[in-house]
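Mapping to our numbering: the sequence shown position 252 is 255, numbers consecutive. Glycine included, every Cβ here is placed at the ideal spot set by N, Cα and C. Here is the structure we will look at, set down as structure tokens.
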Amino acid sequence: MTGDRVLPPLRRWTEGGGTVRIGGHSVFVRQDGLAHGAPVTLVHGFPTSSHDWAAVVPALVAAGLRVTTLDLLGFGESDKPRRHRYSVLDQASLVEEVWRRYGIGSTALVAHDYGVSVGQELLARDPARIARMAWLNGGLYPDLHRPVPIQRLLHGPLGPLLAPLTTERRFAATLRGVLGRPVHDEDVRDLWAAASRAGGHRLAPRLLRYIDERRRHAARWTSALEGFSGPTLFVWGPADPISGAHVLARVRARMPRAHVVELAGPPAVGHYPQLEDPETVATALTGFLAP
């Protein structure tokens, strides 16, 4: 299964950014758009990187926005310390430090997958800092999260033994299993390159602890999500087996004032809206975020 290529080559994407030292680690950050543009920060998911956003960033820049993307610790071009105890709380602190380094105060925030937990923690800490919030498919409600079988295995006691055995072929098969529309083979290859760089695929059992954190912080993060008074947008692929239509149903019931763009197709979009239907996602985001 293959579609048209939507992402620029990974190398071109990474060459457009740089690294900063935070907490003794190197963190990849990109700044796109005019320095005086309205700030928006994009937070990627597991197990990929900021490269996920590359197909929608040009439209955001054309709309006059200042776009900040970064690779969270353990992902993409950022450092991947093997023995680090990865935490959503620490990732949120990393985002806050990036904001401080780049002089970003109030900002819009867009989050996907693992990034939605980082976004919920940031909202819980300082909702006044978030000018507006956009969510793409992710486990906003831990009781509705449906991890795929390989995630369950990697999260379990056999995870440290299985993670080193992950190959590009297995990665691609798992990815395609959560998509509703085809993604080009070269794009999938670059997603794997970012995930596996510096042995990053071996970190999956440590990174997947976010599943436990979601349960531990469920009340706080749900309150932050549903209690946010700023403009809120959900851009959602209903064909996502992990966090698709079943999550969107609760979103609509609990947050009836939020704006929802359901990517119902046909064919319906799955877990990666920004890869499966970047044009519609870019249109939805620019309409929501542009000053």
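How many angstroms separate the CA atom of residue i from the CA atom of residue j?
i	j	result
V101	V64	19 angstroms
L126	D93	14 angstroms
L68	S90	29 angstroms
L206	L139	24 angstroms
G290	P160	45 angstroms
I107	T44	10 angstroms
T225	Y144	7 angstroms
S120	D7	30 angstroms
P244	F174	16 angstroms
H262	T235	6 angstroms
L178	H220	27 angstroms
E216	G141	14 angstroms
R135	Q154	31 angstroms
D190	A196	10 angstroms
L97	P270	37 angstroms
R104	A242	38 angstroms
V32	L73	4 angstroms
Within the continuous alpha helix (DSSP H) that includes residue i, where are the two ends?
i	result
E80	Careful: E80 lies outside any alpha helix (DSSP H) and carries neither H nor E.
L97	V91 to R104
L73	First-last for L73: L68 to L73, but that is the beta strand (DSSP E), not the alpha helix (DSSP H).
L211	It is not in any alpha helix (DSSP H) - L211 carries neither H nor E in the DSSP assignment.
F231	Neither: F231 is in no alpha helix (DSSP H) and is coded neither H nor E.
P152	P152 to H158
Spatial neighbours of residue i within its chain, please: CB distance less than 6 angstroms, with the 5 preceding and 5 following residues excluded, ordered by chain position.
i	result
A285	V59 and A62
Exposed or buried, which one is residue i when buried takes at least 16 other CB atoms within 10 Å?
i	result
L164	exposed
E124	buried
D35	buried
E18	exposed
D146	exposed
P281	buried
G273	buried
D188	exposed
D116	buried
H47	buried
A176	exposed
P50	buried
S109	exposed
S81	buried
Tell me the DSSP secondary structure of residue i in three-state form.
i	result
L182	coil
S29	strand
I133	strand
F2	Residue 2 lies beyond the range of the chain shown here (4 to 294); nothing can be said about it.
G203	helix
G21	strand
D35	strand
The beta strand (DSSP E) spanning residue i covers which residue range?
i	result
T110	T110 to A114
P42	A41 to V46
V263	H262 to E265
Could you confirm whether any beta carbon from chain C is found closer than 8 angstroms to the beta carbon of residue i?
i	result
V30	Going by chain labels, chain C is absent from the structure shown, which holds only one protein chain.
Residues in its own chain within less than 8 angstroms of residue i by CB, not counting five upstream and five downstream?
i	result
G77	K83, P84, H87, Y89, G203, L206, R209 and L210
A95	V121, E124, L125 and R128
Tell me which same chain residues have a C-beta within less than 7 angstroms of the C-beta of residue i, skipping the five on either side of it?
i	result
R223	A127
P294	A41 and G67
M258	E229 and T235
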